[in-house]
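These notes concern the structure reproduced below.
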Amino acid sequence: MELAVVGAGYVGLVTSVCLSEIGHHVTCIELDKSKVDKLKKGISPIYEPGLTELMMKNVNLGRLSFTTNYLEGFKNKDVIYIAVGTPENEDGSANLSYVDDVAKIIAKNVKRDAIVVTKSTVPVGTNNRIQTIINNHKPSYISIEVVSNPEFLREGSAIYDSFHGDRIVIGANSEKAAKLIEEINKPFNIPIYITGIRSAEMIKYASNAFLATKISFINEIANICERVDADVEQVAYGMGLDHRIGSHFLNAGIGYGGSCFPKDTKALIQIAGNVAYDFELLQGVVNVNKKQQRILLDKLYDRFGNLKGKKIALLGLAFKPNTDDMREAPSISISSELVKAGAIVYAYDPIAIDNAKQILDSSIHFVYNIEQAIGGADAALILTEWDEIKNMDFNLINTMKYPLLIDGRNCIKLKDIKPYQIEYHSIGRSSVKNIKSNNSEVVCQVGESK
Ligand SMILES: NC(=O)c1ccc[n+]([C@@H]2O[C@H](COP(=O)([O-])OP(=O)(O)OC[C@H]3O[C@@H](n4cnc5c(N)ncnc54)[C@H](O)[C@@H]3O)[C@@H](O)[C@H]2O)c1
Ligand SMILES: O=c1ccn([C@@H]2O[C@H](COP(=O)(O)OP(=O)(O)O[C@H]3O[C@H](CO)[C@@H](O)[C@H](O)[C@H]3O)[C@@H](O)[C@H]2O)c(=O)[nH]1
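Here you go:
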């Protein structure tokens with residue numbers, strides 16, 4: 030089928046590439062000319078494993094192209110996807126200005142009947158609003174129907190998720206439109222659930238809010254585990270054996286970040302508030318997450334009292350591994366607080382370093398390997414569980430001024446770290462203190478570390 034996708038960000042680009050991979054002809058239209066210039070040269074503006082290869086394959090097959098020109102992009106298209114951002118407004122609600130703009134642009138530039146599919150995450154009622162905007166601006170002889178098709182991909186595994194997702198949700202007002210979008214998606218071979226538009230919009234927010242709730246829940250359990258000498262990994266594993274609970278999204282750490290959970294939880298609180306409903310549970314989830322992002326700082330203050338002049342290494346800056354996305358990464362608030370406290374901050378990330386430089390404090394020393402980050406440091410904090418970081422050579426710890434490693438992602442197995450001269454803390458697990466001083470070994474294992 031002939032498809033257009035508006036927006037070449039994380040969702041728009043991945044959607045364009047994957048729809049072309051299953052045989053559709055896709056034109057991806059992006060406002061930012063510098064992104065389109067890059068895409069035309071075969072360079073992806075984002076880091077996403079497997080994306081560039083699949084993109085080039087489909088460009089070369091003549092199924093995928095990029096443009097800044099709406100008229101050219103919409104020409105002869107049966108379906109137009111909206112995949113622009115819906116960032117957070119100051120009050121936590123979703124900013125719909127990009128979506129509204131695209132609705133007007135579509136209405137003014139389409140030359141034939143089409144289905145408009147909303148991939149962007151939008152509050153309940155927004156697809157109706159998009160339909161109204163389009164109806165108000167399109168020529169009367171053209172018929173356009175809006176369908177909701179929320180996206181569930183995760184950054185870092187977006188291509189895999191597109192082909193192995195758990196479900197595709199299609200919210201439509203007419204059976205004809207739903208069937209057409211179902212037909213487009215059939216080759217993905219993923220279960221398709223057709224529902225009403227408002228329910229589809231709500232499924233997206235409810236899913237993200239529920240996953241965020243699991244994370245805040247296990248983080249609270251982890252904080253209690255530390256105080257009662259239990260091990261959160263063992264607790265999560267034991268909980269996850271119950272299929273009603275499930276084993277996913279029970280990794281304790283420094284809280285969730287990224288472009289979705291932080292904004293979508295707040296937006297759902299707003300959506301509820303708009304109909305005079307106080308979503309207390311979700312507000313708790315958000316509050317816990319904010320507190321959790323501070324937990325490594327609290328551990329540092331407990332350890333040092335004052336951070337002035339301390340060299341602190343940050344290992345990993347992206348909000349999760351396998352992405353260069355820095356949006357709402359815990360490294361933002363943690364590094365900012367460290368700088369304010371007078372610490373000397375060295376920061377390393379295998380992929381996100383260039384994006385990090387643009388948003389983190391300019392006094393931070395950005396370095397290009399783990400050695401440079403931790404050499405001479407008073408403490409090192411693991412903020413992102415990149416493979417390179419969790420598999421680091423622990424002998425490098427010897428190059429630190431003091432061998433204090435605080436793992437904000439529980440990504441190192443306690444048994445792997447125990448043989449080293451180290452003081453190691455993590456989240457909801459016992460600490461390891463194995464420091465030799467004056468030739469006498471002091472070994473202190475706290476709790477029931479396994
Ligand atoms: N990032 C994710 O993992 C993810 C997953 C599922 C859903 N979502 C949702 O998908 C939407 C897009 O998210 P994203 O992360 O891809 O955003 P993004 O910021 O990475 O990309 C949006 C792109 O749209 C472009 N754009 C804006 N206005 C435009 C216009 N008028 N014409 C053409 N292009 C325009 C921007 O320049 C940008 O490149 C959001 O609603 C988000 O909540 C994101
Ligand atoms: O057990 C866990 C799982 C995740 N996280 C954190 O949660 C955040 C989000 O992780 P993840 O969900 O893997 O990444 P996203 O790319 O943000 O994907 C989420 O947000 C997308 C945008 O809406 C949805 O499409 C996806 O389904 C949803 O998983 C990251 O900071 C993770 O470190 C934890 O702390 N513990």
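Sequential numbering of the sequence shown, starting at 30, is according to the numbering used here.
Where a beta carbon is used, it is the ideal one built from N, C-alpha and C, also for glycine.
- CA-CA distance, K328 to D436, rounds to 11 Å.
- The Cβ-Cβ distance between A123 and V151 falls below 8 Å.
- Taking the CA atoms as reference points, D378 sits about 25 Å from R332.
- Residue pairing from DSSP places D436 in a beta bridge opposite I411.
- According to the DSSP secondary-structure assignment, F395 is paired through a beta bridge with A376.
- DSSP places T147 inside the beta strand (DSSP E), whose first and last residues are 143–147.
- Looking at the backbone, the Cα of K465 and that of R183 are separated by about 43 Å.
- For K339 against A408, the beta-carbon gap comes to about 7 Å, under 8 Å, which counts as contact.
- Apart from sequence neighbours up to five positions away, the residues of its chain that approach W415 with a beta-carbon distance below 6 Å are G345, P350, P379, ordered along the chain.
- Apart from the 5 residues on each side of it in sequence, K233 sits with its Cβ closer than 6 Å to the Cβ of T150, P179 in its chain, given in chain order.
- Pairing A251 with A342 gives a Cβ-Cβ distance that is not under 8 Å.
- The residues I162, in chain order, have a CB closer than 7 Å to that of D129 in the same chain once the five nearest residues on each side in sequence are set aside.
- Counting only residues of its own chain and dropping the five nearest sequence neighbours on each side, P432 has a CB closer than 8 Å to the CB of I426, Y449, Q450, I451, E452, I464.
- Of the candidates H272, I253, K243, N303, the residue whose Cα lies closest to the Cα of F290 is K243.
- The secondary-structure analysis by DSSP pairs S177 across a beta bridge with T147, G200.
- Classified as buried, Q160 has 16 or more neighbouring CB atoms from the shown chains inside 10 Å of its CB.
- With the rule of 3 Cβ pairs closer than 8 Å, the stretch 312–326 does not count as touching the stretch 385–402.
- In the three-state reduction of the DSSP assignment, H54 falls in the strand class, which pools E and B.
- Taking the Cα positions, T97 is about 10 Å away from A37.
- In the structure shown, the three-state DSSP call for L90 is coil.
- DSSP places L343 within a strand segment (E or B) once states are collapsed to three.
- Burial check for T428: the Cβ neighbour count within 10 Å stays below 16, so the residue is exposed.
- Spanning the alpha carbons of I210 and I134 requires a straight line of approximately 22 Å.
- When rounded, the separation of the alpha-carbon atoms in A206 and N280 is 40 Å.
- Not a single heavy atom of ligand 1 lies less than 7 Å from the C-beta of I232.
- From the listed residues P168, I456, I197, K442, the smallest Cα separation to K419 is found for K442.
- Ranked by how close their Cα comes to the Cα of S276, the residues E119, G267, G282, I283 have G267 in first place.
- Ranked by how close their Cα comes to the Cα of M355, the residues S288, K369, S364, N118 have S288 in first place.
- Here R458 has D260, V261, E262, N439, L443, S478 as same chain residues with Cβ atoms under 7 Å from its own Cβ, once five neighbours each way along the sequence are excluded.
- Within the same chain, no residue comes within 6 Å of P168 by CB-CB distance, once the 5 residues on both sides are set aside.
- With contacts defined as CB atoms closer than 8 Å, H53 and L80 fail to qualify as a contacting pair.
- Contact between the stretch 220–235 and the stretch 301–308 is absent: fewer than 3 CB-CB pairs across the two stretches fall below 8 Å.
- In the DSSP secondary-structure assignment, F217 is not bridged to any residue.
- In the three-state DSSP reduction, F95 falls in the strand class (E or B).
- Taking non-hydrogen atoms of ligand 1 into account, the C-beta of V40 is found less than 7 Å away from one of them.
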